Each structure stands twice: as C-alpha cells, then as structure tokens.
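Visitor:
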C-alpha cells in the first residue's frame with residue numbers, strides 16, 4: 115500500500131506523476147505545489163486519464179504538506195527552471211532555499227522516506243537535501259545519470275538506426291558539461307559500440323550528450339520534462355518493486371573511486387532500501403582523470419552552497 119509524493123507540479127513533476135501512474139505500481143500519488151490549484155488540476159487531469167489508459171493509481175493534488183503524510187518515496191522537482199544563457203550553477207541560491215524548505219516540510223509528516231532529487235543544479239541540490247534531512251545517504255540521492263544515459267542512447271540509436279531498447283550504457287560524474295560518458299561500457303545488443311560506429315561520430319555524440327540539456331533549453335526556452343520525468347519515475351518503480359536495477363544516480367561517495375564527501379553520478383543498485391549498493395567500475399587512467407575533473411567542478415559548487 116505504497117504512497118509517493120511528487121513536489122513541484124511544473125512540467126517535470128507532472129510528468130513524473132503521470133508516468134508513475136501509468137506504471138500502476140503505487141496506490142497513491144500526491145502532487146504538491148505552492149500553487150495548489152495547478153497541482154489539483156494536473157492530478158485531476160491524470161486521474162481522468164486512468165479509465166482510458168487503464169491504471170488504478172489514485173492521483174491527488176494539493177498545496178498542504180499534511181496530505182503527503184506517510185509517503186514511502188518523495189520526488190523533489192521544485193525550483194525555478196533554467197532559462198537560456200543561464201548555467202545550472204546560476205540556479206544554486208534560489209533552488210537550494212526551495213529544496214531545503216521542502217525537505218523540512220516533508221519530514222514533518224513522513225518518517226524516513228526515500229527522497230529522489232531532480233531539482234537543478236542536481237549534484238549540489240542532492241547535497242543540500244541530504245545535509246538538511248539527517249536521513250541516511252542511502253535514502254537521499256539524485257536523478258541525473260538515467261537522463262544523461264537516455265540522451266546518449268537515443269543519439270546512438272539515431273546514428274546507428276537501431277532500436278534504443280538494445281543500447282546499454284554507463285555514464286558517470288556531475289550532471290552537466292563535466293559528465294563522463296564511458297564508450298568502453300556502451301553496448302548494442304551486447305556488441306561493443308566501438309565495433310559499430312566510427313570514433314569521430316562517437317566523439318560527437320559524447321559531446322552532444324554533455325550539452326544535451328542546453329540543446330533543449332535553446333530549442334524550447336525552458337528545461338526538458340518528458341525524459342527527466344520518465345527517468346525519475348523509473349527510479350521510483352525500481353525502489354517500490356525492489357527490482358535491484360542498476361542505474362547511474364547521484365549519490366554521496368564514501369571512499370568509492372578514491373573520493374569522499376562528494377555527490378557524483380555513479381552506477382548503483384536501486385531497491386526497497388534506496389541505494390542498496392554503489393558499484394565501483396575498474397576505470398582506466400583517462401576515465402578516472404575525467405571523473406576527477408567532474409569531482410572538482412562539483413566540489414566548487416558544493417563550496418558555494420556551504421558559504422551561503
């Protein structure tokens with residue numbers, strides 16, 4: 115009899131709630147926003163979709179945190195979206211205040227929930243939420259790598275003219291221009307991608323992936339929502355079903371990869387307890403150098419938050 119709360123009824127939050135409802139793995143989804151009627155309207159719209167798309171998940175919208183009581187999983191998408199010309203780091207001051215306030219409000223009504231952060235800048239918002247919450251670092255983590263790998267896999271599927279279903283990939287590091295795609299761990303139906311694509315084409319896809327969010331901001335004037343929302347919903351499904359699926363997620367590192375007290379995207383196993391295991395890949399020197407560069411960038415942004 116699980117319950118999931120999604121905080122923020124903008125494009126991303128509403129998509130999380132809607133995609134999750136379609137999966138039919140949770141009894142109740144609460145969509146919360148400071149603009150209560152927006153949340154109520156979007157939840158009602160999704161609930162009216164249930165007889166058509168055949169799911170039983172009950173959706174309700176609210177602006178009252180008491181309605182989120184006893185949530186098993188909370189997805190936080192609240193915050194201002196990125197505008198053209200604005201870096202993720204420009205968002206830090208406003209969104210850190212929003213995320214820490216949301217965490218405080220959630221924890222007044224739910225004991226020990228699993229919390230997934232989607233708000234940007236992702237890595238430092240995950241840090242802010244964890245620091246505020248006092249929860250285990252296995253229960254507060256961020257959605258970034260699933261979205262980044264999805265973009266990478268989608269671009270590869272286009273270039274190779276194959277189904278994206280057959281492409282598996284790992285991507286690590288911070289959510290932004292210093293992310294670390296790993297072609298060595300990328301396969302197409304088990305075939306190493308390097309055997310199917312020219313190096314220069316693969317390099318260009320890697321670069322496009324790094325700027326994937328910015329590309330969409332330029333096209334639409336705001337951040338993406340379909341893929342990010344679906345990615346967060348996939349994480350919730352793996353947790354509630356205890357699927358033990360392996361996804362790249364933003365987590366606190368405690369010595370893994372030789373790094374401590376930094377929040378970076380790495381492969382983890384997701385199940386009923388949140389992060390069940392952090393998986394350490396045997397990175398080569400070049401890959402490790404890229405990860406260290408990403409670590410340095412994330413630490414700089416964490417320092418900005420610490421000095422606020």
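Numbering (the numbering used here), first residue to last: 115 to 422.
Glycine residues also receive a C-beta, built at the ideal position from the N, C-alpha and C atoms.
Computed from a predicted structure; not experimentally measured.
Using the beta-carbon count (16 or more within 10 Å), is residue 366 buried or exposed?
Guide: Residue 366 comes out buried.
Visitor: Measure the alpha-carbon distance for residue 158 versus residue 344 and round it to whole angstroms.
Guide: Spanning the two alpha carbons is a distance of roughly 19 Å.
Visitor: Using the beta-carbon count (16 or more within 10 Å), is residue 265 buried or exposed?
Guide: Residue 265 comes out buried.
Visitor: Return helix, strand or coil for residue 163, following the three-state DSSP convention.
Guide: In this structure, residue 163 counts as helix in the three-state DSSP scheme.
Visitor: Since residue 148 and residue 186 are thought to touch, with beta carbons under 8 Å apart, how far apart are those beta carbons, to the nearest angstrom?
Guide: At roughly 23 Å, the Cβ-Cβ gap does not stay under 8 Å, so residue 148 and residue 186 are not in contact.
Visitor: According to DSSP, simplified to helix, strand and coil, what is residue 334?
Guide: Reduced to three states, the DSSP call for residue 334 is helix.
Visitor: Can you give me the C-alpha to C-alpha distance between residue 341 and residue 369, rounded to a whole angstrom?
Guide: The straight-line gap from Cα to Cα measures roughly 31 Å.
Visitor: Among the residues of its own chain, which have a CB less than 6 Å from the CB of residue 174, if the five just before and after it don't count?
Guide: Result list for residue 174: 144, 157, in chain order.
Visitor: So for residue 73, helix, strand or coil by DSSP?
Guide: Outside the displayed range of the chain (115 to 422) lies residue 73, so it cannot be described from this structure.
Visitor: Once DSSP output is grouped into helix, strand and coil, what is the label at residue 122?
Guide: It is coil, neither helix nor strand.
Visitor: Please give me, in chain order, every unbroken run of the beta strand (DSSP E) with length at least 3 that falls completely inside the region 225 to 311.
Guide: 228 to 231, 254 to 256, all fully within the region 225 to 311.
Visitor: With a cut-off of 8 Å, do at least 3 Cβ pairs link the region 233 to 253 to the region 203 to 215?
Guide: Yes, the region 233 to 253 touches the region 203 to 215.
Visitor: Note down, in chain order, each residue of its chain lying with its Cβ closer than 6 Å to the Cβ of residue 462, except the 5 sequence neighbours on either side.
Guide: In the structure as shown, the chain begins at 115 and stops at 422. Residue 462 is therefore absent and cannot be evaluated.
Visitor: Would you give the residue range spanned by the alpha helix (DSSP H) that residue 85 belongs to?
Guide: Nothing about residue 85 can be read from this structure; the chain reaches only from 115 to 422.
Visitor: Please confirm if the region 213 to 227 is in contact with the region 176 to 193, defined as three or more CB-CB distances below 8 Å between the two stretches.
Guide: Taking 8 Å as the limit for Cβ pairs, the verdict is that the region 176 to 193 does touch the region 213 to 227.
Visitor: Give me, in chain order, the residues of the same chain whose beta-carbon lies closer than 7 Å to that of residue 448; leave out the 5 immediate sequence neighbours on both sides.
Guide: Nothing can be reported for residue 448, as the shown portion of the chain is limited to 115 through 422.
Visitor: So which of 146, 192, 325 has the shortest CA-CA distance to residue 178?
Guide: Here the closest residue by C-alpha is 146.
Visitor: Would you mind sorting residue 308 into buried or exposed? The rule is 16 or more other CB atoms within 10 Å of its CB.
Guide: Its Cβ having fewer than 16 others within 10 Å, residue 308 is exposed.
Visitor: Could you pull the start and end residues of the alpha helix (DSSP H) that residue 343 belongs to?
Guide: Element bounds for residue 343: 340 to 354.
Visitor: What did DSSP end up calling residue 313 once you bin it into helix, strand or coil?
Guide: Residue 313: helix per DSSP, three-state reduction.
Visitor: Tell me whether residue 408 is buried or exposed, calling it buried when 16 or more other Cβ atoms sit within 10 Å of its Cβ.
Guide: Burial call: buried.
Visitor: Between residue 244 and residue 216, what straight-line distance do the alpha-carbon atoms span, to the nearest angstrom?
Guide: Each residue's Cα considered, the two are about 12 Å apart.
Visitor: Tell me, which residues are paired with residue 172 by DSSP?
Guide: Answer is 142, bridged to residue 172.
Visitor: Roughly how far, in whole angstroms, is the beta-carbon of residue 287 from the beta-carbon of residue 405, given that I think they are within contact range, below 8 Å?
Guide: About 6 Å separates the two Cβ atoms, so the contact holds.
Visitor: So, with DSSP's three-state summary, where would you put residue 366?
Guide: Strand.
Visitor: Where does residue 421 fall in DSSP's three states?
Guide: Correct three-state label for residue 421: coil.
Visitor: Looking at the unbroken beta strand (DSSP E) that takes in residue 376, where does it start and where does it end?
Guide: Residue 376 -> beta strand (DSSP E) spans 374 to 385.
Visitor: State the start and end residues of the unbroken beta strand (DSSP E) segment that holds residue 388.
Guide: Where residue 388 is concerned, the enclosing beta strand (DSSP E) stretches over 388 to 392.
Visitor: DSSP state of residue 325, grouped into three classes?
Guide: Coil, per DSSP.
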